[in-house]
Amino acid sequence: MLSRFLKHHYIPQFYLKPWLGADNKLTEYRRLKFPHEQFPRLEIKRRGTGETGYAENLYIIPGATPETKQNIEKIFMGAVDKKAADARDQLLQSNIPTDPELRHAWARFLLSLIIRTPEEIRAFKVKVIRDMDVPDPAFQARYDQVRKENWPSTLEDYMKLESPKMLERTAIMVATKLIQNENVLRTFMGAMWWVLDISAVSRRILTSDHPVIMTNGLGRPDGHFALPLSPTKVFVAFMNAEFGEAVRRIPIGRIVREVNDGVIGQGRRSVYAADEQSTTEVKKRMGKRDYMLPFPREIMKN
21 MLSRFLKHHY IPQFYLKPWL GADNKLTEYR RLKFPHEQFP RLEIKRRGTG
71 ETGYAENLYI IPGATPETKQ NIEKIFMGAV DKKAADARDQ LLQSNIPTDP
121 ELRHAWARFL LSLIIRTPEE IRAFKVKVIR DMDVPDPAFQ ARYDQVRKEN
171 WPSTLEDYMK LESPKMLERT AIMVATKLIQ NENVLRTFMG AMWWVLDISA
221 VSRRILTSDH PVIMTNGLGR PDGHFALPLS PTKVFVAFMN AEFGEAVRRI
271 PIGRIVREVN DGVIGQGRRS VYAADEQSTT EVKKRMGKRD YMLPFPREIM
321 KN
C-alpha cells in the first residue's frame, strides 16, 4: 500500500552528505514563522539529511492514479539526482568531468536545484492559473464551434470543470520541462568549470535551500554560477575565460566570504553548515538576498 505522504527532497540527501559530522548529522539553521509572532524565529539544530530539505508531496501529480501520482519524485527527480551524484563525486575529487553525459547530468542537477524549490513550484501553479484566466481567442473560437448548449461559455471554464486538477498537474509538468530546457543546459555545459579547494583557510563553506549562486545574466562578461560541494570545496563555472582567470587570482578567504554571503542570503527556510561557527553571519544575512533565475522572471513567476 502506498503511503499517503511522501517526502519530496528539493535539496537531495546525497548533496548534503559532505556536511555531515561524526554523529551523521549537520547543523541546520531553520527559519520558523509562527502565526502569533511578527518575525521568524531561527532554530539551530543537528539533523540528518532525511530530516530536512523536503516538503510532503511537493511534486505529486493531481488526478493521477495512486500508483503513478508520485512518479515525478520517484522516477524523474530520482533519475536527475542519481546521475548527478556520479558527477558530484568526481568534482569532490577536484576532477572536472569530460564525459558529455556526466556534464549534462550535472548541468541538469544545477537547473533542478533552482526550479524544484517549494517557492518556484508554488509560482508555477499561480502562473498556470493566471494564464488560464486570460482567454486565447483562437482556442475560444474553436470551442465556440463545438460547444453544446449545456457547456460553460468559455473554454477555460470547460477545462476547469472537466478536470479540476488539470491546472495544478500542468504546473508540475511545466516545471519538469524547464529542468530539461536544452538551451540553459547547453549554456551550463559550455561554461569553463572549476573546483576551488579552500582547505588552506580556517573558514568553512555553508550551503542552503537555494544553493546555486548565479549572476543576473550569464551572457555578461562576468557571467558565472557556483554551487558549494562541501565545507571545503566549491564548484564554479565561468562564461568568460579572462574573467575566470581574474577570479582565480582573488584571495581564497574573500571567495569563501562571498560564497557564504550568497548561500546564506539566498536561504529561505534552511541554511546548512558542518558546525555553528557561522551563527552570527546566518542571523545577520539569512534571507536578505534575492536568488537569480536562468529564465526571465515573467516565465517563472508571472
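Quick note on numbering: the working numbering labels position 87 of the sequence shown as 107, and the sequence is numbered without any gaps.
Ideal Cβ placement from N, Cα and C applies to all residues, glycine included.
C-alpha distance - residue i paired with residue j, whole-angstrom precision
i	j	result
Lys321	Arg123	Note that Lys321 scores 47 on pLDDT, short of 50, meaning its location in the model is unreliable and no value can be drawn from it.
Ala293	Pro157	52 Å
Glu63	Phe263	39 Å
Gly73	Leu133	11 Å
Ser173	Met179	11 Å
Trp126	Met259	16 Å
Arg269	Trp213	16 Å
Val204	Arg309	23 Å
Asp119	Trp39	27 Å
Lys145	Pro82	12 Å
Met21	Thr137	Unreliable placement is indicated for Met21, whose pLDDT of 40 sits below 50; the coordinate value is still reported in the next sentence. Cα to Cα, the separation comes out at about 28 Å.
Phe59	Asn236	29 Å
Thr3	Lys102	It is not possible to answer for residue 3, since the shown part of the chain is limited to 21 through 322.
Where residue i sits in the DSSP three-state scheme
i	result
Glu63	strand
Val323	No answer is possible for residue 323: the residues shown for the chain start at 21 and end at 322.
Asp217	strand
Pro138	helix
Leu78	coil
Met212	strand
Asn322	A caution first: Asn322 carries a pLDDT of 43, below 50, which makes its placement in the model too unreliable to give a value.
Met179	helix
Ser132	helix
Met312	coil
Thr69	helix
Ile275	helix
Thr118	coil
Pro38	helix
Ile225	coil
Minimum C-alpha distance to residue i - residue among the options
i	options	result
Ile92	Phe263, Thr196 and Thr227	Thr196
Met312	Gly273, His230 and Lys168	His230
Leu216	Leu198, Thr252, Ile233 and Gln200	Thr252
Ile80	Gly282, Val232 and Ile192	Ile192
Gly243	Pro314, Lys303, Arg189 and Leu46	Pro314
Thr85	Arg189, Met212 and Lys103	Arg189
Leu78	Glu140, Tyr163 and Asn203	Glu140
Asn327	Asn280, Phe255, Glu265 and Lys303	No answer is possible for residue 327: the residues shown for the chain start at 21 and end at 322.
Arg289	Ala261, Val279, Val302 and Ala42	Val302
Gln160	Trp171, Glu176, Val146 and Val148	Glu176
Gln286	Ser228, Leu131, Lys304 and Leu238	Ser228
Glu71	Leu187, Leu131, Lys37 and Asp164	Lys37
Ala266	Val279, Asp281 and Pro241	Pro241
Leu187	Val100, Val291, Arg128 and Arg142	Arg142
Met234	Glu278, Ile199, Ser219 and Ile225	Glu278
Leu131	Val232, Val283 and Lys53	Val232
Residue i, enclosing beta strand (DSSP E) - first and last residue
i	result
Thr47	Leu46 to Leu52
His29	Lys27 to His29
Leu249	His244 to Ser250
Ala293	Ser290 to Ala293
heavy atom of the ligand GTP below 7 Å from residue i C-beta
i	result
Leu46	Looking at this structure, you won't find the ligand GTP or any other ligand, since it has none at all.
Alpha helix (DSSP H) segment containing residue i, residue limits
i	result
Lys197	Met186 to Ile199
Val267	Ala261 to Arg268
Gln160	Pro157 to Val166
Thr174	Thr174 -> no alpha helix (DSSP H), and no H or E assigned at all.
Gly83	Unbroken run through Gly83: none, as it is neither H nor E.
Leu112	Gly98 to Leu112
Val302	Thr299 to Arg305
Are the stretch 261-281 and the stretch 28-35 touching, with three or more C-beta to C-beta distances below 8 Å? no
Using 8 Å as the Cβ pair cut-off and three pairs as the minimum, do the stretch 240-254 and the stretch 108-118 touch? Pairwise C-beta distances place the stretch 240-254 in contact with the stretch 108-118, as three or more of them are shorter than 8 Å.
Do the stretch 47-62 and the stretch 297-304 make contact, defined as three or more Cβ pairs closer than 8 Å? Taking 8 Å as the limit for Cβ pairs, the verdict is that the stretch 297-304 does touch the stretch 47-62.
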